[in-house]
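If you're matching positions, the sequence shown starts at 8 in my numbering and goes up one per residue. We put the CB at the ideal spot given by N, CA and C, even for glycine. Okay, so here's the structure we're looking at.
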Amino acid sequence: MFYVYILQSMKDFSFYIGQCNDLDKRMSKHFDGMSKYTSGKRPLRLVYFEKVDSRSEALKREKYIKSQKSRKFIALLIIKWKANWVVE
Numbered sequence: 008m009f010y011v012y013i014l015q016s017m018k019d020f021s022f023y024i025g026q027c028n029d030l031d032k033r034m035s036k037h038f039d040g041m042s043k044y045t046s047g048k049r050p051l052r053l054v055y056f057e058k059v060d061s062r063s064e065a066l067k068r069e070k071y072i073k074s075q076k077s078r079k080f081i082a083l084l085i086i087k088w089k090a091n092w093v094v095e
C-alpha cells in the first residue's frame, strides 16, 4: 500500500504534496523536522491523504496534483476528502 498526502504549513499556509509507503513514519519525519523542504515550514498539519496500490500509481497521482498548480484545486480536494469522514 502506498499513500499520496498533502501537508499544510501553519507558518505560511503553503502546501506540500508527497507520496510514501509508510504514512506514519513519513509524517514523523516531517513533524520532527527531518525532511529538508518542510523543516522550515513547521508546524505542519496533514490535510489530505489517499491510499493507492502501487508506487507508480502514487507517483502519477502526486505528479497530477502538483501539475494543477492551483490552491483552489487542492482546497476542493481537501473539502471532498473531509466530506467522506462521516462521524456517526
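Limits of the unbroken beta strand (DSSP E) element including residue i
i   : result
R52 : 51-59
Cβ separation of residue i and residue j, assumed to be a contact under 8 Å, to the nearest whole Å
i   : j   : result
G40 : R49 : 6 Å
M55 : L84 : Note on identity: in this sequence residue 55 is Tyr, with Met being the wrong assignment. Going by Cβ atoms, the distance from Y55 to L84 rounds to 6 Å, so yes, they are a contact pair.
Neighbour-count burial assignment, residue i, 16 or more Cβ in a 10 Å radius
i   : result
A90 : exposed
Q15 : buried
R2  : This structure does not reach residue 2, given that the chain is present from 8 up to 95, and the question cannot be answered.
I86 : exposed
Short Cβ contact (9 Å threshold) for residue i with residue j
i   : j   : result
E57 : W88 : yes
A82 : V11 : no
For residue j and residue i, the rounded distance between their alpha carbons
i   : j   : result
Y23 : K79 : 14 Å
D60 : K73 : 20 Å
S46 : D19 : 13 Å
Q26 : R62 : 8 Å
S77 : M17 : 18 Å
K36 : K43 : 10 Å
Enclosing alpha helix (DSSP H) for residue i [first to last residue]
i  : result
F9 : It is not in any alpha helix (DSSP H) - F9 instead sits in the beta strand (DSSP E) that spans 9-16.
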